[in-house]
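Working notes, structure below.
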Amino acid sequence: MATHSGTSSSPGSTTCPSGAGFDTTAAAVVLKLDPNVFHHGGLGVIRSLGRLGVPVYGVHEDALAPAAHSRYLHGRWLWRPEAADPDRVLDGLARLAERIGHRSVLLPTDDAGAILLAEHADRLRPWFRLPALARDLPRIVAGKDSLHRLCEEWDLPRPLTVLTDSWGEMLSFAAQVGFPLVAKLAAPWRSPAASGVRSTTIVRGGQELSALRRACDRAGGAALMLQEYLPGGPGSDWFFHGYCAADSTCLPAFTGVKERSYPAQAGLTSLGRCADNPVLRRQATDVLARLSFRGIVDLDWRRDERDGQYKLLDFNPRIGAQFRLLRDRAGIDVAVAAYLDLTGQAVPDGDPVVGRRFLVENYDPIAAFGDWRSGRIGLKDWAASLRGVDESAWFARDDLAPFGLMCVRMGWRAVTRPFSRSARSPRRQQPAYRPGRAGDSRGAVMSPGGQAAPGTGGGNSCIRQFGKDLA
Numbered sequence: 001m002a003t004h005s006g007t008s009s010s011p012g013s014t015t016c017p018s019g020a021g022f023d024t025t026a027a028a029v030v031l032k033l034d035p036n037v038f039h040h041g042g043l044g045v046i047r048s049l050g051r052l053g054v055p056v057y058g059v060h061e062d063a064l065a066p067a068a069h070s071r072y073l074h075g076r077w078l079w080r081p082e083a084a085d086p087d088r089v090l091d092g093l094a095r096l097a098e099r100i101g102h103r104s105v106l107l108p109t110d111d112a113g114a115i116l117l118a119e120h121a122d123r124l125r126p127w128f129r130l131p132a133l134a135r136d137l138p139r140i141v142a143g144k145d146s147l148h149r150l151c152e153e154w155d156l157p158r159p160l161t162v163l164t165d166s167w168g169e170m171l172s173f174a175a176q177v178g179f180p181l182v183a184k185l186a187a188p189w190r191s192p193a194a195s196g197v198r199s200t201t202i203v204r205g206g207q208e209l210s211a212l213r214r215a216c217d218r219a220g221g222a223a224l225m226l227q228e229y230l231p232g233g234p235g236s237d238w239f240f241h242g243y244c245a246a247d248s249t250c251l252p253a254f255t256g257v258k259e260r261s262y263p264a265q266a267g268l269t270s271l272g273r274c275a276d277n278p279v280l281r282r283q284a285t286d287v288l289a290r291l292s293f294r295g296i297v298d299l300d301w302r303r304d305e306r307d308g309q310y311k312l313l314d315f316n317p318r319i320g321a322q323f324r325l326l327r328d329r330a331g332i333d334v335a336v337a338a339y340l341d342l343t344g345q346a347v348p349d350g351d352p353v354v355g356r357r358f359l360v361e362n363y364d365p366i367a368a369f370g371d372w373r374s375g376r377i378g379l380k381d382w383a384a385s386l387r388g389v390d391e392s393a394w395f396a397r398d399d400l401a402p403f404g405l406m407c408v409r410m411g412w413r414a415v416t417r418p419f420s421r422s423a424r425s426p427r428r429q430q431p432a433y434r435p436g437r438a439g440d441s442r443g444a445v446m447s448p449g450g451q452a453a454p455g456t457g458g459g460n461s462c463i464r465q466f467g468k469d470l471a
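In the UniProt record's numbering, the protein residues as written are 1 to 471.
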């Protein structure tokens with residue numbers, strides 16, 4: 001297995017596969033339904049495919065979304081689609097496809113998008129290239145309770161879990177497994193962003209559990225699943241990223257370690273490392289083959305120090321936000337693999353770059369601060385952990401604008417949040433088109449029907465929108 005010391009490149013390096021041997025004429029569309037403007041996974045897709053020479057188009061919340069200003073983006077649609085209204089989303093996607101003019105590869109970056117595309121694939125295939133995935137599979141595996149029931153049916157290693165709305169049963173489960181325990185929204189894609197309820201929360205006592213239950217009630221009665229907290233120290237949290245072709249062959253198939261996460265011990269990877277783990281890779285690919293899974297997948301596991309087993313915690317039926325960490329020595333990652341396979345091209349087989357490290361600049365300092373407050377890390381330890389980072393989520397020497405906008409918006413949010421009730425721009429019901437930096441930037445702001453998008457053509461309207469977009 002090829003190894004990598006982590007010193008041959010530095011943050012902002014742009015090692016990528018050469019497009020000389022690939023057909024990159026088909027466009028790719030990055031679909032994001034999650035309204036989080038700081039979601040960095042979509043930017044990773046834009047850069048991976050854009051550097052290859054693929055015309056990439058993205059769906060963005062507003063004109064100042066950091067990813068919308070990547071130099072590798074051909075076109076952007078300012079649109080905030082809602083998964084709760086699939087007909088409107090499908091209509092908007094049809095308008096996108098009409099403007100592109102040919103069948104393009106459609107890549108979702110969140111569970112809501114993956115579920116919607118699978119359940120409406122028949123309507124989308126005339127316009128988009130999609131994996132041939134069972135219609136109900138993404139909803140089953142993305143649902144926390146349905147995933148647990150699947151693991152139970154197949155006798156896969158898993159944490160103890162209960163789904164109940166009974167306060168008495170919650171207390172009984174807490175007494176059985178003890179605190180801390182893990183609380184998860186059973187269907188996190190359904191919870192409104194404004195609810196303030198995270199998809200996963202570490203609960204350290206009865207008062208916290210009661211407060212979380214009340215918050216779920218205020219969010220419309222979101223179903224809450226409780227799970228035992230698996231003990232484990234550094235190196236216990238693992239992830240698997242892969243792409244499964246039509247025959248369920250998983251190529252590539254990467255494994256990595258979460259060195260730090262935000263929120264701590266229950267969130268996304270803020271600092272990660274590619275590490276070869278043949279046992280976990282075999283366990284993951286066996287599950288995917290048994291499911292007949294197709295497409296990109298991101299799985300989260302924890303090694304239980306009590307029995308040494310890897311236990312499946314989360315199954316994301318789409319690209320993971322930290323996927324840029326994991327690539328082979330030719331630069332092939334899961335986004336490139338999906339594009340090649342869906343356009344009828346062979347996916348090269350290569351060794352992963354073991355030791356490669358990835359940093360999310362806006363989240364890792366917050367994660368490290370939490371670890372410092374709890375005594376898990378010191379300032380010198382944090383500084384040392386940042387040495388040898390090979391790639392950052394936002395900073396790239398060849399694509400600086402997204403990093404700059406991310407910093408501005410993070411600063412603006414920090415300043416205004418204490419004085420604001422999180423006012424947001426109204427959702428755009430239909431996508432409004434703007435050329436990207438990689439395309440013709442001289443055109444006016446256009447709607448899919450070819451008309452100037454209302455409220456976006458003049459400088460004054462852009463100025464008026466500025467504060468709302470930054471919020």
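Note that the Cβ used here is the ideal one computed from N, Cα and C, for glycine as well.
Per DSSP, Arg149 is one residue of the alpha helix (DSSP H) stretching across Lys144 to Trp154. Only exposed fits Gln176, as fewer than 16 other CB atoms lie within 10 angstroms of its CB. Taking 8 Å as the cut-off, the Cβ atoms of Pro35 and Arg80 count as close. Look at the segment 211-267 and you find no whole run of alpha helix (DSSP H) that is 4 residues long or longer.
Pro159 places its beta carbon less than 8 Å from that of Leu230. Residues of the same chain with a CB within less than 6 Å of the CB of Phe240, apart from the 5 flanking positions on each side, are Thr255, Ala284 and Leu299 in chain order. Residue nearest to Asp333 within the set Arg260, Arg303 and Val347 is Val347 (criterion: CA-CA distance). As for any beta strand (DSSP E) of minimum length 3 sitting wholly inside the segment 273-302, there is none. Per DSSP, reduced to three states, the secondary structure at Pro131 is coil, with no helix or strand assignment. Looking at the backbone, the Cα of Gly42 and that of Glu361 are separated by about 16 Å. Per the coordinates, the alpha-carbon of Ser236 lies some 42 Å from the alpha-carbon of Trp127. Taken through DSSP and simplified to helix, strand or coil, Lys184 comes out as strand.
Every beta strand (DSSP E) stretch that sits fully inside the segment 41-79 and reaches 3 residues is listed by chain position as 56-60 and 73-78. Nearest to Ala187 by alpha-carbon distance, out of Gly44, Ser146 and Ser261, is Ser146. In its chain, beyond the 5 residues on either side, Arg204 and Gly205 have a beta carbon closer than 6 Å to the beta carbon of Phe179.
Beta bridge pairing from DSSP links Lys311 with Arg302. For Leu171, the enclosing alpha helix (DSSP H) has its first and last residue at Trp167 to Val177.
Counted as a single uninterrupted DSSP element, the beta strand (DSSP E) harbouring Ile202 occupies residues Thr200 to Val203. As far as DSSP is concerned, Tyr339 takes part in no beta bridge.
Taking Asp304 as the centre and dropping the five residues before and after it, the same chain places the C-beta of Leu230 and Lys311 closer than 6 Å to its C-beta, in chain order. Between the alpha carbons of Thr109 and Arg318 lies a gap of roughly 6 Å. With 16 or more neighbouring CB atoms inside 10 Å of its own CB, His40 falls in the buried class. Look at the segment 77-124 and you find these whole runs of beta strand (DSSP E), each 3 residues long or longer: 104-108.
Nearest to Arg397 by C-alpha distance, out of Ala432, Leu313, Tyr363 and Tyr72, is Tyr72. In this structure, His148 places its C-beta atom within 8 Å of the C-beta atom of Thr161. In summary, Gly50 is buried, with 16 or more beta-carbon neighbours lying within 10 Å of its beta-carbon over all protein chains present. By the criterion of at least three beta-carbon pairs nearer than 8 Å, the segment 113-133 is in contact with the segment 79-94.
Nearest C-alpha to Ser270 among Val197, Ala368, Val37 and Cys151: Ala368. Thr161 carries a strand assignment under DSSP once its states are collapsed to helix, strand and coil. When DSSP states are grouped into helix, strand and coil, Phe323 belongs to the helix group. DSSP places Phe358 in the uninterrupted beta strand (DSSP E) bounded by Arg357 to Leu359.
One thing to note: Arg294 has its Cβ no nearer than 8 Å to the Cβ of Leu181. If the five residues before and after Ala289 are omitted, its C-beta is found closer than 7 Å to the C-beta atoms of Ser248, all from its own chain and listed in chain order. Within the same chain, Ile296, Val334, Ala337 and Ala338 come within 6 Å of Tyr243 by CB-CB distance, once the 5 residues on both sides are set aside. Residue range Asp364 to Arg373 is occupied by the alpha helix (DSSP H) that includes Ala368.
Looking at the DSSP output, Pro435 bridges to Gly75.
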